[in-house]
Every structure is written in structure tokens, then in C-alpha cells.
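Here's the structure we're looking at; comments come further down.
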Amino acid sequence: MLQGIDHIVISVPDLEAARKSYAALGFTVMEGGRHPVGTHNALIAFADGSYIELIAFYEANPSHKWWGPLQKGGGLVDFCMQSDALLGDTAAFRKAGVAIDDPAPLSRVRPDGYQLKWVLSIPRQGHRGVAPFLIQDETPREERIPRRQTHANGVTGIGTATVAVEDVATVRRWYAGVLGLPGREIARLELDGAGVSFA
């Protein structure tokens with residue numbers, strides 16, 4: 015079952031510069047570690063259990079899902095939902111119409127040498143970034159999330175993730191099918207847009 019927003023991903027060209035920029039905004043930014051796919055990260059953890067992942071490449075990897083968006087400027091590129099039943103949640107997204115890969119393992123080594131392990135289901139091209147990628151931890155989740163979760167700017171969590179789409183009806187069917195909720199019609203006048211909200 016989906017547990018909520020695990021984290022959002024911000025792709026940056028220079029991790030150290032991004033760390034300094036976010037710290038200047040009043041966030042407590044902690045070093046994350048390195049993934050074996052050529053990326054390294056820094057994390058901004060919140061009291062609600064979610065976090066922001068700042069991610070950069072320490073070596074080129076054109077096949078990585080966030081390499082292309084980074085070449086176009088980076089920024090907010092993806093979001094992740096936490097699952098406690100990854101196979102079932104992956105199947106539910108497929109049934110709802112999302113092209114999503116089978117769960118696959120990934121890891122990261124923290125600066126203290128501790129190896130974190132988890133399993134991901136990642137939507138395929140065209141659905142990526144609109145449907146979330148899903149994560150289930152193999153090592154304890156509290157080891158993946160920094161323990162420093164207070165910030166000078168007072169931010170305590172991620173309240174909402176807004177996803178811009180070309181076809182609201184199709185994406186609404188995805189989320190309604192997975193969550194078992196119809197969603198609520200919304201209008202965003204400041205964006206000249208309308209859509210649907212799922213809590």
C-alpha cells in the first residue's frame with residue numbers, strides 16, 4: 015500500500031553549489047552519498063518523514079532517467095511514493111494504465127560507509143515524472159533519511175506535489191485506479207489551469 019510522498023528529486027549540475035544555495039535558503043542540507051549508477055546526492059529531511067533529494071552526476075550516464083532533464087537545465091524532475099507492498103502497488107499502477115518497470119534493487123553508500131538498500135519500480139519514458147516512481151526499503155528507512163529535520167526557515171514537510179500534464183483525464187484514471195478515489199476538481203487561476211487533486 016502507498017504510504018505517501020517519500021521524496022521529491024531536484025537534478026542539479028553541481029552538488030556542492032546546490033548544497034550552498036539551499037543552505038542559504040534556510041534548509042539543513044545533509045550529505046547523502048553515492049549511487050553505483052554515477053550519481054551522488056544531498057538530502058533535506060523534514061519532520062513529516064518526506065525529504066528533498068538534490069542529485070548530480072559524478073560521472074556521465076546518458077542512459078540514466080535524469081540525465082536528459084539535467085541537460086535541459088535540471089530542476090524538479092521526479093517524485094517518489096513510499097510503498098510497503100511494492101509488487102502489489104506496481105501491479106496496481108500497471109492495471110490503471112501506467113507503463114512501469116518491475117521492481118529492481120538499488121543502493122547508496124553513506125559517507126560513514128553504511129550501505130543502504132531498497133527496491134524501486136520506475137515508470138517508463140512518457141509516464142516518468144507524471145506517475146511517481148515507487149520505493150520499498152530493504153534496510154531500515156530511518157537509516158536512509160537524515161535525522162536532522164529542523165530548518166532555519168521553519169519548513170516541516172511537503173504538503174503538495176503538483177504535476178503538470180497535457181491530458182488530465184488519462185492521468186486522473188491512473189491515480190483514481192490506484193488510490194480508489196475519484197479525486198476532487200480544482201482550478202488554479204494563477205496558472206490558467208484546472209485539474210484534479212488526490213489527498
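For the sequence shown, our numbering assigns the number 15 to the initial residue and increments by one for each residue that follows. Backbone N, C-alpha and C fix where the C-beta goes; we use that ideal spot for every residue, glycine too. Every value quoted in this text rests on a predicted model; they were computed, and no experiment measured them.
Identify which residue in the options has its Cα closest to the Cα of residue i.
i, options, result
"Leu-57", "Ala-99, His-165 and Thr-104", "His-165"
"Ala-113", "Pro-119, Ala-105 and Leu-120", "Ala-105"
"Val-169", "Ala-118, Gly-52, Met-15 and Val-43", "Val-43"
"Ala-118", "Phe-107, Val-179, Gly-111 and Gln-150", "Gln-150"
"His-78", "Gln-17, Pro-137 and Asp-206", "Pro-137"
"Asn-167", "Arg-33, Phe-41, Gln-17 and Leu-16", "Phe-41"
"Asp-126", "Pro-160, Asp-116 and Gln-96", "Pro-160"
"Val-185", "Thr-153, Arg-33 and Gly-140", "Gly-140"
"Val-179", "Asn-75, Pro-154 and Arg-142", "Arg-142"
"Gln-17", "Asp-206, Arg-155, Leu-203 and Ala-208", "Arg-155"
"Thr-107", "Ala-201, Gly-191 and Ala-208", "Inspection of the sequence shows that residue 107 is occupied by Phe rather than by Thr. When only C-alpha atoms are compared, the closest one is Gly-191."
What whole-angstrom Cβ distance do residue i and residue j have, given they're in contact under 8 Å?
i, j, result
"Leu-29", "Asp-103", "Going by Cβ atoms, the distance from Leu-29 to Asp-103 rounds to 30 Å, so no, they are not a contact pair."
"Leu-84", "Ser-25", "5 Å"
"Val-182", "Arg-198", "Between Arg-198 and Val-182 the Cβ distance is about 13 Å, and since that is not below 8 Å, they are no contact."
"Glu-73", "Asn-55", "Glu-73 to Asn-55, Cβ: 14 Å. No contact."
"Gly-88", "Pro-27", "6 Å"
Mapping DSSP to helix, strand and coil, what is residue i?
i, result
"Thr-184", "helix"
"Thr-174", "coil"
"Ser-121", "strand"
"Trp-81", "helix"
"Arg-198", "strand"
One question on the structure: do residue i and residue j come within less than 8 Å of each other, judged by their Cβ atoms?
i, j, result
"Arg-122", "Arg-48", "yes"
"Gln-129", "Ala-59", "no"
"Val-91", "Trp-80", "yes"
"Val-133", "Leu-100", "yes"
"Thr-53", "Ala-31", "no"
"Pro-50", "Met-95", "no"
Report all residues from its chain with a CB closer than 8 Å to the CB of residue i; omit the five preceding and five following residues, and keep chain order.
i, result
"Ala-175", "Ile-19, Ile-22 and Phe-93"
"Arg-187", "Ala-110 and Gly-111"
"Met-15", "Ser-97, Asp-98, Ala-99, Gly-102 and Asp-103"
"Ala-61", "Gln-163, Thr-164, Thr-170 and Gly-171"
Excluding the 5 residues preceding and the 5 following residue i in the sequence, name in chain order all residues of the same chain whose CB lies nearer than 7 Å to its CB.
i, result
"Phe-212", "Tyr-189, Leu-193, Leu-195 and Gly-197"
"Ser-64", "Ile-19, Asp-20, His-21, Gly-171 and Ile-172"
Give every residue of the same chain whose Cβ lies closer than 6 Å to the Cβ of residue i, excluding the five residues on either side of it in the sequence, and list them in chain order.
i, result
"Gly-46", "Asn-55, Ala-56 and Leu-57"
"Ala-37", "Val-43"
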